[in-house]
Amino acid sequence: MSEQAGFSVAAIQTRQAALVSQHGVAAEADQVLEELVASAHAAMRASIRQLDAISAEIDHAVSGQADRGIDTPLGAREFQTFLVAKQREIAAIVGRAHELDRAKAAVLESLRAQYAGSAG
Numbered sequence: 102m103s104e105q106a107g108f109s110v111a112a113i114q115t116r117q118a119a120l121v122s123q124h125g126v127a128a129e130a131d132q133v134l135e136e137l138v139a140s141a142h143a144a145m146r147a148s149i150r151q152l153d154a155i156s157a158e159i160d161h162a163v164s165g166q167a168d169r170g171i172d173t174p175l176g177a178r179e180f181q182t183f184l185v186a187k188q189r190e191i192a193a194i195v196g197r198a199h200e201l202d203r204a205k206a207a208v209l210e211s212l213r214a215q216y217a218g219s220a221g
């Protein structure tokens with residue numbers, strides 16, 4: 102009987118050690134996920150602020166068309182240059198967002214593997 106009790110205690114201790122390990126892996130994955138979501142949210146808010154600022158610049162430029170002499174060839178060219186520059190800024194913001202998306206997706210994929218491993 103004592104041999105069976107010893108076997109059961111050893112089995113329980115082994116299972117407990119495995120559960121502690123799984124919990125540690127899940128806790129680490131939770132921390133990474135929390136940081137990932139927070140940084141993605143902060144980046145998204147920063148991008149929105151940048152796009153809002155560009156929008157305000159364009160709105161201001163459009164409302165001040167008379168002051169810029171847009172009805173002249175030189176004024177029209179300067180306004181076109183301004184708009185092209187703003188388009189480039191917008192494209193850069195969107196490009197950085199796409200890069201961030203790919204990087205965060207890769208981290209999420211690795212977390213999926215960690216969570217799957219800790220569940221088993």
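Each residue of the sequence shown is one higher than the one before, counting from 102 in this note's numbering. Every residue gets a Cβ at the ideal spot worked out from N, C-alpha and C, and that includes glycine. None of the values given here were measured: they were computed from a predicted structure.
What's the C-alpha gap between residue i and residue j?
i       : j       : result
Val-133 : Gly-218 : 15 Å
Ile-113 : Ala-198 : 49 Å
Ala-157 : Gly-196 : 21 Å
Ser-109 : Gln-117 : 12 Å
Arg-146 : Glu-190 : 16 Å
Val-163 : Gln-123 : 59 Å
Pro-174 : Ala-192 : 27 Å
Ala-169 : Ala-143 : One detail in the question is off: residue 169 reads as Arg in this sequence, not Ala. C-alpha separation (whole angstroms): 36 Å.
Val-185 : Asp-153 : 17 Å
Ala-119 : Ala-207 : 27 Å
Met-102 : Ala-111 : For Met-102, the predicted structure reports a pLDDT of 47, less than 50, and the residue's modelled location is therefore unreliable. A value from the coordinates is still provided. Going from the Cα of Met-102 to the Cα of Ala-111 covers about 14 Å.
Ala-203 : Ile-159 : Note that residue 203 is Arg in the sequence shown here, rather than Ala. The alpha-carbon atoms of Arg-203 and Ile-159 are separated by roughly 30 Å.
Is it true that the CB of residue j sits closer than 8 Å to the CB of residue i?
i       : j       : result
Leu-137 : Leu-201 : no
His-166 : Ile-194 : Note that residue 166 is Gln in the sequence shown, not His. Contact: no.
Val-121 : Gln-215 : no
Phe-183 : Ile-171 : no
Ile-149 : Lys-187 : no
Leu-212 : Ala-128 : no
Here's a check: name, in chain order, each residue in its chain whose Cβ is nearer than 7 Å to the Cβ of residue i, leaving out the five neighbours to either side.
i       : result
Lys-205 : Leu-137 and Ala-141
Ala-177 : Ile-171
Report buried or exposed for residue i, applying the criterion of at least 16 other Cβ atoms within 10 angstroms of its Cβ.
i       : result
Thr-115 : exposed
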